[in-house]
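*Asks:* In this note's numbering, the protein residues as written are 1 to 301.
This structure is in structure tokens; I'll ask about it shortly.
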């Protein structure tokens, strides 16, 4: 057996496709970041997301087109009315869950308000920075789900499908593999810890559920974007270790880091795990309610 090339499929084997896509992403990201640093030393939040967006999206498009030999839309991107509706449903789910986390901290007396977004000094009218953060988080939700769930899970499922006869194991390994990569790539964020990395791996597992059940990235993108936007843009929590200056509310957390996640944000605390559990329940209720079978979508069988 040729370990590099699948002669039956007339393409590289899945592991090599994944590696090349990842290396291409890193190369584009480095070039984009160097160009951005040359253009400006203090980019806005939205502008700062452009190198990553370009790297993730372009590398995935090139890989799926020229290495995988399939269409870009095959990665859960068959955009139609249903896709947009599920994007909105996912966004609503993420908003509700982050609202629960905020409310619990408020009830426990772990939050004190220190101001509002419009009270800070801005070079532009206040809502504009918040809208920029919203657009940036929508972009992050899209390109991270595209690569980690769309591209990686699809290819890992194909790769692991040849390792045995147990139909469940390729799914388990694909979800774990993509989620571990997702967690490790966030381990270098400011204020990251072993707990935050484990919790982000768990978040990867949760975000994989809608994709595997529906065959679409819409719910996952909505969940991801809303979690980050409401966490940082509305409620003023750090997002993956980074403080958000443009938040609507400015708060000071006084609760135990074990629960709140401290300076990393809810992803590093027990409340973040609770939020992930609530997302699982919401995903289950929605997918069953609209007629999806709570099993692997036909796209992955």
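Quick reminder that beta carbons are idealized off the backbone N, C-alpha and C, glycines included.
1) What's the C-alpha gap between residue 89 and residue 79?
2) Give the secondary structure of residue 264 by DSSP, where H, G and I count as helix, E and B as strand, and everything else as coil.
3) Going by the beta-carbon positions, is the gap between residue 270 and residue 259 smaller than 9 Å?
4) Am I right that residue 59 and residue 28 are in contact with their C-beta atoms under 8 Å? What's the rounded C-beta distance?
5) What does the Cβ neighbour count give for residue 84, buried or exposed, with the cut at 16 atoms within 10 Å?
6) Using the Cβ count rule (16 or more neighbours within 10 Å means buried), how would you classify residue 175?
7) Determine the DSSP secondary structure at residue 120, reduced to helix, strand or coil.
8) So for residue 160, helix, strand or coil by DSSP?
9) So, helix, strand or coil for residue 104, using DSSP?
10) Can you list, in chain order, the residues of its chain whose CB lies under 6 Å from that of residue 95, leaving out five sequence neighbours each side?
11) Counting C-beta neighbours from all protein chains within 10 Å, is the total for residue 197 16 or more, i.e. buried, or is it exposed?
12) Looking only at its own chain, which residues have a Cβ that is under 7 Å from the Cβ of residue 138, when we skip the five neighbours before and after it?
13) At the level of alpha carbons, what is the spacing between residue 201 and residue 239?
14) Could you please give the first and the last residue of the uninterrupted alpha helix (DSSP H) stretch that includes residue 125?
15) Should residue 34 be labelled buried (16 or more other beta-carbon atoms within 10 Å of its own) or exposed?
16) What's the gap between the Cα of residue 169 and the Cα of residue 70?
17) Looking at the structure shown, is residue 10 part of a helix, part of a strand, or coil, going by DSSP?
18) Count Cβ pairs between the region 287–297 and the region 198–217 that sit closer than 8 Å; are there 3 or more?
19) What does DSSP give as the partner residues of residue 250 in its beta bridges?
20) Whole angstroms is fine: what's the gap from residue 12's alpha carbon to residue 106's?
21) Among the residues of its own chain, which have a CB less than 7 Å from the CB of residue 149, if the five just before and after it don't count?
22) Which whole-angstrom value is the C-beta distance of residue 268 and residue 199, which I expect to be below 8 Å?
23) Looking only at its own chain, which residues have a Cβ that is under 7 Å from the Cβ of residue 288, when we skip the five neighbours before and after it?
24) What's the C-alpha gap between residue 156 and residue 82?
25) Using the Cα positions of residue 23 and residue 204, report the straight-line distance between them to the nearest angstrom.
26) Given residue 133, which residues of its chain have a CB within under 6 Å of its CB, disregarding the five upstream and five downstream residues?
27) Compare the C-alpha of residue 97 against each of 135, 115, 5 and 222 and name the closest.
28) How would you label residue 30, buried or exposed, when you count the other beta carbons within 10 angstroms and need 16 or more for buried?
29) If you compare alpha carbons, which of 252, 277 and 283 is closest to residue 115?
30) Are the CB atoms of residue 54 and residue 76 nearer to each other than 9 Å?
31) Let's test the definition: count the other Cβ atoms within 10 Å of the Cβ of residue 154 and tell me whether it reaches 16, buried, or not, exposed.
32) Among 124, 42 and 159, which residue has its Cα nearest to the Cα of residue 15?
*Replies:* Reading it off the structure:
1) So the two alpha carbons sit approximately 15 Å from each other.
2) Helix.
3) Yes, these two residues count as a Cβ contact at 9 Å.
4) 6 Å between Cβ atoms; contact.
5) Around the C-beta of residue 84, fewer than 16 other C-beta atoms lie within 10 Å, and the residue is accordingly described as exposed.
6) Buried: at least 16 other Cβ atoms inside 10 Å.
7) Reduced to three states, the DSSP call for residue 120 is coil.
8) When DSSP states are grouped into helix, strand and coil, residue 160 belongs to the helix group.
9) Secondary structure of residue 104 (DSSP, three-state): helix.
10) Same-chain partners within the cutoff: 226 and 230.
11) Burial check for residue 197: the Cβ neighbour count within 10 Å reaches 16 or more, so the residue is buried.
12) For residue 138, where only same-chain residues beyond five positions count, the Cβ hits under 7 Å are 225.
13) Near 15 Å, if we compare the C-alpha coordinates of residue 239 and residue 201.
14) Secondary structure note for residue 125: it is in no alpha helix (DSSP H), with a DSSP letter that is neither H nor E.
15) So residue 34 counts as exposed.
16) In a straight line, the C-alpha of residue 169 is about 24 Å away from that of residue 70.
17) Residue state, collapsed to three classes: coil.
18) Yes: at least three Cβ pairs fall under 8 Å.
19) Per DSSP, the beta bridge partners of residue 250 are 115.
20) Distance between the alpha carbons of residue 12 and residue 106 is about 53 Å.
21) 178, 207, 208, 211, 217 and 220.
22) Confirmed, Cβ separation roughly 6 Å.
23) Around residue 288: 294.
24) Distance between the alpha carbons of residue 156 and residue 82 is about 26 Å.
25) Our two residues, residue 23 and residue 204, have alpha carbons roughly 21 Å apart in a direct line.
26) Contacts found: 45, 233 and 246.
27) Checked all of 135, 115, 5 and 222; the closest Cα to residue 97 is 222.
28) So residue 30 ends up on the exposed side.
29) Sorting 252, 277 and 283 by C-alpha distance to the C-alpha of residue 115 places 252 at the top.
30) In this structure, residue 76 does not lie closer than 9 Å to residue 54 by Cβ.
31) Label assigned to residue 154: buried.
32) The shortest C-alpha separation from residue 15 is found at 159.
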